[in-house]
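Following: one structure in structure tokens, then a few remarks.
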Ligand SMILES: O=C(O)CCC(=O)C(=O)O
Ligand SMILES: [Fe+2]
């Protein structure tokens, strides 16, 4: 799926996109090795590692983590949803071992978001000025995820839903045919809109799940009042530095990344 037009179409229709083979196996191995060196606790109740804010999180662990920030194979796709001016809002890693349970389905924007005033089963008109998908996540898979193993799951197209997620689906997503677990081998990137109803499926893989999540939003928006810090002692490009800027009006107070 290399054609940009096809990627744009599918991202818009599905609310997510899997791009395979973005990272070579050597790059995946290098990132995994850096993570091994951290000697993280065995995943259990804690599923996250290297989070920021505060600090620089896993970006501090090496240049290879910083190079993912604006990997050329994802920048033009991020542009579809976020325009020319966007910033890095949060990052964290996710790791899981066999037998770890699922998380709840959720969406941060749109009808099913906690802040939406959509009522159960009642038509919900989106206001023109409401930002329903100004927030995009890029999940870098350092291990295979998919229907056989678990990992990221979602309801394709739900970012355009007019109704709240029904309780029946939220209570047992593993039994709901509308919930998809996209096949995303190591080295692939999953991009998704935070308006999409999504979650974490239980982990059944013998191998450890390892994903790095980079969360971007339009330049004039922020999820949190805290900021991801630039890593110390690692040279960033001018474009990478833009991603760490404070929220501001696009073009006038926040430069284009392109
Ligand atoms: O990849 C996953 O397991 C889902 C992560 C998630 O819920 C999120 O990034 O908002
Ligand atoms: Fe989420």
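Numbering (the numbering used here), first residue to last: 6 to 263. Glycine included, C-beta positions come from ideal geometry on N, C-alpha and C.
Taking 7 angstroms as the line, does the beta carbon of residue 142 fall inside it for any heavy atom of ligand 1? If you number the chain shown from 1, residue 142 lands on position 137. Result yes, Cβ under 7 angstroms from ligand 1.
Please classify residue 94: does DSSP put it in a helix, a strand, or coil? Counting from 1 along the chain shown, the entry for residue 94 is found at position 89. Note: residue 94 maps to strand in three-state DSSP.
What would DSSP say about residue 62, mapped onto helix, strand or coil? Mapped onto the chain shown, residue 62 falls at position 57. Helix.
Could you tell me which whole beta strand (DSSP E) segments of length 3 or greater appear in the stretch 151 to 224? 156 to 159, 194 to 198, 203 to 206, 214 to 223
Would you kindly check if the distance between the Cβ of residue 116 and the Cβ of residue 198 is under 8 angstroms? As a first step, residue 198 must be located in the chain shown, where it is residue number 193. As a first step, residue 116 must be located in the chain shown, where it is residue number 111. No, these two residues do not count as a Cβ contact at 8 angstroms.
What ranges does the alpha helix (DSSP H) occupy inside the stretch 72 to 121, keeping only unbroken runs of at least 4 residues that lie completely in it? 77 to 87
Measure the alpha-carbon distance for residue 19 versus residue 50 and round it to whole angstroms. If you number the chain shown from 1, residue 19 lands on position 14. If you number the chain shown from 1, residue 50 lands on position 45. Each residue's alpha carbon lies about 31 angstroms from the other.
For residue 37, the residue or residues it bridges with in DSSP: By one-based count along the chain shown, residue 37 stands at place 32. Its beta-bridge partners do not exist; DSSP assigns none.
To the nearest angstrom, report how far apart residue 98 and residue 128 are at their CA atoms. As a position in the chain shown, residue 98 is number 93, starting the count at 1. As a position in the chain shown, residue 128 is number 123, starting the count at 1. The straight-line gap from Cα to Cα measures roughly 36 angstroms.
Residue 111 beta carbon near ligand 2 (any heavy atom closer than 7 angstroms): Locating residue 111 in the chain shown gives position 106, where the first residue counts as 1. Within the cutoff, so yes.
Distance between beta carbons of residue 252 and residue 225, contact taken as under 8 angstroms: If you number the chain shown from 1, residue 225 lands on position 220. If you number the chain shown from 1, residue 252 lands on position 247. That pair is a contact at about 6 angstroms.
Answer yes or no: the CB of residue 203 versus the heavy atoms of ligand 2, is any distance below 7 angstroms? Counting from 1 along the chain shown, the entry for residue 203 is found at position 198. It does: the Cβ of residue 203 is within 7 angstroms (strictly closer) of some heavy atom of ligand 2.
Would you check whether ligand 1 has a heavy atom nearer than 7 angstroms to the C-beta of residue 216? Sequence index remark: in the chain shown, residue 216 carries index 211 (1-based). Checking every heavy atom of ligand 1 against the Cβ of residue 216, one is found closer than 7 angstroms.
Cβ-heavy atom distance, residue 99 to ligand 1, below 7 angstroms: Residue numbering aside, residue 99 sits at position 94 when the chain shown is read from its first letter. Yes, ligand 1 has a heavy atom inside 7 angstroms of this Cβ.
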